[in-house]
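Position one of the sequence shown corresponds to residue 14 (the numbering used here), numbered consecutively onward.
No residue lacks a Cβ here, since even glycine has one placed at the ideal position from N, Cα and C.
What follows is a short report on a single structure.
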Amino acid sequence: MNVGLIRHFKVDYRKSFFMTSKEFKNWEENYNISGVIRKDVELMGINWDKCYSSTLIRAITTAQHVYNDDIIQNDLIRETIIDPIFKSNLKLPYWFWAISGRIAWYFNHKSQQENKIITKEKAEKFVDLLLNEARKEGTENILIFTHGFFMYSLQKELKKRSFTGKLIYSPKNGILYLYKK
Numbered sequence: 014m015n016v017g018l019i020r021h022f023k024v025d026y027r028k029s030f031f032m033t034s035k036e037f038k039n040w041e042e043n044y045n046i047s048g049v050i051r052k053d054v055e056l057m058g059i060n061w062d063k064c065y066s067s068t069l070i071r072a073i074t075t076a077q078h079v080y081n082d083d084i085i086q087n088d089l090i091r092e093t094i095i096d097p098i099f100k101s102n103l104k105l106p107y108w109f110w111a112i113s114g115r116i117a118w119y120f121n122h123k124s125q126q127e128n129k130i131i132t133k134e135k136a137e138k139f140v141d142l143l144l145n146e147a148r149k150e151g152t153e154n155i156l157i158f159t160h161g162f163f164m165y166s167l168q169k170e171l172k173k174r175s176f177t178g179k180l181i182y183s184p185k186n187g188i189l190y191l192y193k194k
């Protein structure tokens, strides 16, 4: 069985260097509805039987550009939400909000509406669904369009289920990462 993970295409949306916590949250909301910069994707000559996509527009658009059949959208593979660690009208660098939010996520801090436990559960539920559907339908090659941060949790769950493939910490946009069992 082959599982191909593809991070959505690069998003066509800029961010300010300095922002308040509210501006950071607004940036995330706008990023989630922005268009993407399309490119060709190398599918390694594999005939993909089935395709799943996150329900965020950047993943759907990428999937539609790459895969020419039905695409199953699923909320379980949406990007992990990032929230500011605290509210502030002080303009701080974007990277401060992003990094502190991810650290808060890692430690299951109350500032995050989605914490590490929830993300792990989403990955587990999705891989359960994926394997159950594949077993019922006899599908061998499954393509998944998801997001950079969530992809790490998904990769770890696939490896836990005896899939082989490289663990990518910072996946590139529009690149296929292959996992085999």
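Residues 96, 117 and 118 of the same chain have their beta carbon placed closer than 6 Å to that of residue 125, with the five preceding and five following residues left out of the count. The Cβ-Cβ distance between residue 91 and residue 67 falls below 9 Å. The beta-carbon separation of residue 63 and residue 152, rounded to 5 Å, stays under the 8 Å limit for a contact. Residue burial is scored here from C-beta neighbours: residue 57 has fewer than 16 other C-beta atoms within 10 angstroms and is therefore classed as exposed.
Measuring C-alpha to C-alpha distances from residue 49 to each of 59, 164, 25 and 31 identifies 25 as the nearest. Cβ contact annotation for residue 163 (same chain, cutoff 6 Å, sequence separation greater than five): 92 and 93, in chain order.
The C-alpha of residue 32 is placed about 8 Å away from the C-alpha of residue 103.
Taking C-alpha positions only, residue 14 is separated from residue 157 by approximately 13 Å. Of the other Cβ atoms in all chains shown, fewer than 16 fall within 10 Å of the Cβ of residue 148; this residue is therefore exposed.
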